[in-house]
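So the mapping is simple: my numbering equals the position in the sequence shown, first residue as 1, plus 5. For every residue, glycine included, the Cβ atom is placed at its ideal position computed from N, Cα and C. Below: one structure, written as structure tokens.
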Amino acid sequence: MFRAALITFVVALLGCLAPGTAADASTSAADAGPIGSCARCGVPCAKQLDCSTPMAFSLDKPLPLCAGGLCRLTDTRVFVNVVLQLDNDWFITSSNTRLRSMILRFVKRQALDGARVSCADVRAAASGSDPKALERQGRFNLQSMESYPLNGAAGPALRFNVVGTLTGADYLLYAELWDGPLGSDFTYPTGARLGAGCDDGPSLSPVVASDDCGDGGTCRGFAVPVALQL
Numbered sequence: 006m007f008r009a010a011l012i013t014f015v016v017a018l019l020g021c022l023a024p025g026t027a028a029d030a031s032t033s034a035a036d037a038g039p040i041g042s043c044a045r046c047g048v049p050c051a052k053q054l055d056c057s058t059p060m061a062f063s064l065d066k067p068l069p070l071c072a073g074g075l076c077r078l079t080d081t082r083v084f085v086n087v088v089l090q091l092d093n094d095w096f097i098t099s100s101n102t103r104l105r106s107m108i109l110r111f112v113k114r115q116a117l118d119g120a121r122v123s124c125a126d127v128r129a130a131a132s133g134s135d136p137k138a139l140e141r142q143g144r145f146n147l148q149s150m151e152s153y154p155l156n157g158a159a160g161p162a163l164r165f166n167v168v169g170t171l172t173g174a175d176y177l178l179y180a181e182l183w184d185g186p187l188g189s190d191f192t193y194p195t196g197a198r199l200g201a202g203c204d205d206g207p208s209l210s211p212v213v214a215s216d217d218c219g220d221g222g223t224c225r226g227f228a229v230p231v232a233l234q235l
């Protein structure tokens with residue numbers, strides 16, 4: 006009888022421990038939703054940079070998010086079209102010939118501290134000369150970050166036909182144009198920021214799988230106005 010009671014106690018104890026074991030790694034202890042699959046998914050984080058291996062944040066495609074104190078990647082990567090609409094000053098000053106690189110971010114509109122994020126917040130955070138300022142501050146989650154080399158502008162708009170981003174909602178678009186080429190990491194621009202543009206308007210509906218330009222369905226397009234900052 007004692008042996009049977011001991012077995013019953015051990016089984017009950019294991020049942021109590023099970024939710025916190027590795028077998029339940031698909032959800033967080035705080036019940037903040039699924040964790041998904043990536044190299045650092047499930048690792049504790051205080052900022053999004055914690056969710057990539059050292060020196061590899063700019064190369065991770067797609068980018069894991071830091072949410073609920075854990076690194077997560079549960080959405081699907083799709084490819085969309087983005088057009089940067091340049092203001093007339095680019096051509097009046099001939100500054101368009103100085104364009105050498107572009108970086109575009111889909112920024113989640115909820116900061117890691119829970120505060121709402123607007124275009125004004127992002128512009129203020131990126132107002133200095135450091136092209137990595139948004140990521141270094143650790144306040145924001147990026148739904149994606151993509152960059153491209155440029156060789157001037159042939160017209161009043163710059164079109165990018167294959168821009169990767171995660172599916173998801175509640176985001177804004179922030180684009181920067183720089184007069185230096187992409188750096189050695191092939192992601193961050195160099196030189197000086199020539200212009201920036203942001204869109205946090207109501208037209209930014211959720212990005213869904215059918216928006217993917219390669220799935221044979223509707224190819225989603227975005228337009229971001231960019232103003233000269235000289």
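- Judged by DSSP in its simplified three-state form, residue 75 adopts strand.
- Counting along the chain, residue 204 sits inside the beta strand (DSSP E) bounded by residues 198 to 204.
- Residue ranges of uninterrupted alpha helix (DSSP H) with 4 or more members, entirely inside the region 106 to 166 and ordered along the chain, are 124 to 130, 138 to 142.
- Distances from the CA of residue 186 to each of 155, 166, 44 were compared; the closest alpha carbon is that of 155.
- Looking at the backbone, the Cα of residue 47 and that of residue 87 are separated by about 32 Å.
- Here residue 58 is not near residue 214, since their CB atoms are 7 Å or more apart.
- Residues 83, 85, 223, 225 of the same chain have their beta carbon placed closer than 7 Å to that of residue 216, with the five preceding and five following residues left out of the count.
- Here residue 62 carries a helix assignment [DSSP, helix/strand/coil].
- In this structure residue 153 is in contact with residue 106, their Cβ atoms being roughly 7 Å apart against a cut-off of 8 Å.
- Cβ neighbours of residue 50 within its own chain (closer than 7 Å, five residues either side excluded): 56, 71, 74, 75, 76.
- With 16 or more neighbouring CB atoms inside 10 Å of its own CB, residue 148 falls in the buried class.
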